[in-house]
Amino acid sequence: MAETTAIEWCDSTFNPWTGCTKISPACDHCYAEGWAKRSGTVQWGNHPRRRTTHAYWRNPVKWQEHAVAFFAEHGRRRRVFCASLADVFDNQVDPKWRRDLFALIRACPDLDWLLLTKRPQNIIRLSLLAGGLPWNVALGTTVEDQPRAGLNLPHLLAAKSALSPLYAFVSTEPLLGRLDLWPWLDPHQLYRSRLDWVIAGGESGSGARPMHVEWVRGLRDQCQQANTPFLFKQWGCWVTFYDRDIDDPDWRRAPFTDGQMGSGATRYLNLAGGTGFHGERVTAVRNVGKKAAGRLLDGVEHNGFARTAA
Ligand code: SF4
Numbered sequence: 001m002a003e004t005t006a007i008e009w010c011d012s013t014f015n016p017w018t019g020c021t022k023i024s025p026a027c028d029h030c031y032a033e034g035w036a037k038r039s040g041t042v043q044w045g046n047h048p049r050r051r052t053t054h055a056y057w058r059n060p061v062k063w064q065e066h067a068v069a070f071f072a073e074h075g076r077r078r079r080v081f082c083a084s085l086a087d088v089f090d091n092q093v094d095p096k097w098r099r100d101l102f103a104l105i106r107a108c109p110d111l112d113w114l115l116l117t118k119r120p121q122n123i124i125r126l127s128l129l130a131g132g133l134p135w136n137v138a139l140g141t142t143v144e145d146q147p148r149a150g151l152n153l154p155h156l157l158a159a160k161s162a163l164s165p166l167y168a169f170v171s172t173e174p175l176l177g178r179l180d181l182w183p184w185l186d187p188h189q190l191y192r193s194r195l196d197w198v199i200a201g202g203e204s205g206s207g208a209r210p211m212h213v214e215w216v217r218g219l220r221d222q223c224q225q226a227n228t229p230f231l232f233k234q235w236g237c238w239v240t241f242y243d244r245d246i247d248d249p250d251w252r253r254a255p256f257t258d259g260q261m262g263s264g265a266t267r268y269l270n271l272a273g274g275t276g277f278h279g280e281r282v283t284a285v286r287n288v289g290k291k292a293a294g295r296l297l298d299g300v301e302h303n304g305f306a307r308t309a310a
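Residue numbers for the sequence shown follow the working numbering, so the first one is 1 and each next one is one higher.
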């Protein structure tokens with residue numbers, strides 16, 4: 001929660017409060033829960049959230065004061081990710097805190113606020129309760145697999161239509177399966193029914209689940225076809241080291257894998273996310289850690305950003 005961050009798609013993070021309850025498979029290895037356990041700041045789950053300090057809430061005001069210099073240096077407005085250690089549209093939070101947050105967002109008109117939620121079904125109702133969505137907000141939701149796409153994206157795009165954010169984006173991190181986003185990318189749809197930006201990424205940290213290279217390629221290709229900006233954030237911990245030939249039914253040329261999950265482990269992965277059967281196309285992946293895994297997809301770094309955020 002800082003002025004600068006290693007997260008590729010934003011410049012700064014801000015957490016109006018901390019604490020959350022897990023609601024989705026993407027939450028299984030919640031980074032924020034691990035942080036909370038280590039720091040002892042807040043108890044995770046159905047426990048009271050903890051508001052951050054008054055001094056900390058001054059940080060965005062300072063970024064606002066330096067907005068002209070930031071624009072001169074970067075040629076665009078600062079992107080603030082809110083929230084990395086909580087969920088802005090968490091209905092277990094005191095509604096007054098959200099009203100205060102929206103007032104802060106309005107008081108910082110030269111910052112683009114990226115609100116990423118796993119609770120898009122609450123966006124419209126809780127925004128109206130908080131006095132309406134500030135104009136300088138972009139709305140995003142997490143989609144880790146096809147069922148979550150079907151659940152979350154209609155809510156996000158209903159909010160785009162009702163509240164007119166800067167843009168609507170999806171984060172597919174951690175990507176846990178093959179995703180067909182075309183119904184929400186198709187350029188023939190009305191603007192308010194379309195996604196404006198796709199972020200993809202694999203899981204990192206302890207217990208990270210592997211991501212199949214074809215899942216990411218599929219998103220890249222869909223975005224290319226729809227002319228939608230695509231940002232590939234990271235592989236996570238796992239990289240592909242053998243994309244098995246489908247004409248190798250006995251796996252004679254396939255490398256040995258140990259089928260484990262931890263650091264240094266190797267395993268097979270099929271398109272459905274399972275370990276695969278003989279005769280099935282599988283990819284061998286190795287857990288090399290986040291840093292070594294990097295963020296190149298077929299040798300290319302993908303750094304697309306929503307166009308209205310430029
Ligand atoms: S919604 Fe986000 S912060 Fe909340 S438990 Fe899930 S991953 Fe963690």
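Glycine residues also receive a C-beta, built at the ideal position from the N, C-alpha and C atoms.
{"Query": "Near VAL137, which residues of its chain fall below 6 Å by C-beta distance, leaving aside the five closest residues on each side in sequence?", "Result": "TRP113, LEU115, PRO165"}
{"Query": "Taking buried to mean at least 16 other C-beta atoms within 10 Å of its own C-beta, is TRP182 buried or exposed?", "Result": "exposed"}
{"Query": "Would you say the beta carbon of ALA32 is closer than 6 Å to some non-hydrogen atom of ligand 1?", "Result": "yes"}
{"Query": "Cβ atoms of LEU231 and HIS278: under 7 Å apart, would you say?", "Result": "no"}
{"Query": "Tell me whether ASP87, by its Cβ, gets closer than 6 Å to a heavy atom of ligand 1.", "Result": "yes"}
{"Query": "So, helix, strand or coil for TYR320, using DSSP?", "Result": "Since the first residue of the chain shown is 1 and the last is 310, residue 320 is not available in this structure."}
{"Query": "With C-beta atoms as the reference, is VAL239 less than 7 Å away from LEU297?", "Result": "no"}
{"Query": "CA-CA distance, ALA6 and THR13?", "Result": "10 Å"}
{"Query": "So TRP285 is in the beta strand (DSSP E); what residue range does that whole segment cover?", "Result": "First, the amino acid is wrong: residue 285 is Val here, not Trp. Per DSSP, VAL285 belongs to the beta strand (DSSP E) from 282 to 287."}
{"Query": "Can you say whether HIS155 is buried or exposed, counting buried as having 16 or more other CB atoms within 10 angstroms of its CB?", "Result": "buried"}
{"Query": "Hey, is the stretch 16 to 25 in contact with the stretch 48 to 64, meaning 3+ C-beta pairs nearer than 8 Å?", "Result": "yes"}
{"Query": "Beta strand (DSSP E) containing LYS233: first to last residue?", "Result": "230 to 234"}
{"Query": "Classify PHE169: buried if its beta carbon has 16 or more other beta carbons within 10 angstroms, exposed otherwise.", "Result": "buried"}
{"Query": "In angstroms with no decimal places, state the Cα-to-Cα distance between GLY150 and GLU144.", "Result": "11 Å"}
{"Query": "Going along the chain, which residues of its own chain have a beta-carbon closer than 8 Å to the beta-carbon of GLY299, five neighbours each way excluded?", "Result": "none"}
{"Query": "VAL285 and LEU269: beta carbons closer than 7 Å?", "Result": "yes"}
{"Query": "If you follow the alpha helix (DSSP H) that ALA226 is part of, which residue opens it and which one closes it?", "Result": "213 to 226"}
{"Query": "Consult DSSP for ILE199 and reduce its assignment to one of helix, strand or coil.", "Result": "strand"}
{"Query": "Going by CA-CA distance only, name the one from ALA162, ARG244, LEU101 that's closest to ARG125.", "Result": "ALA162"}
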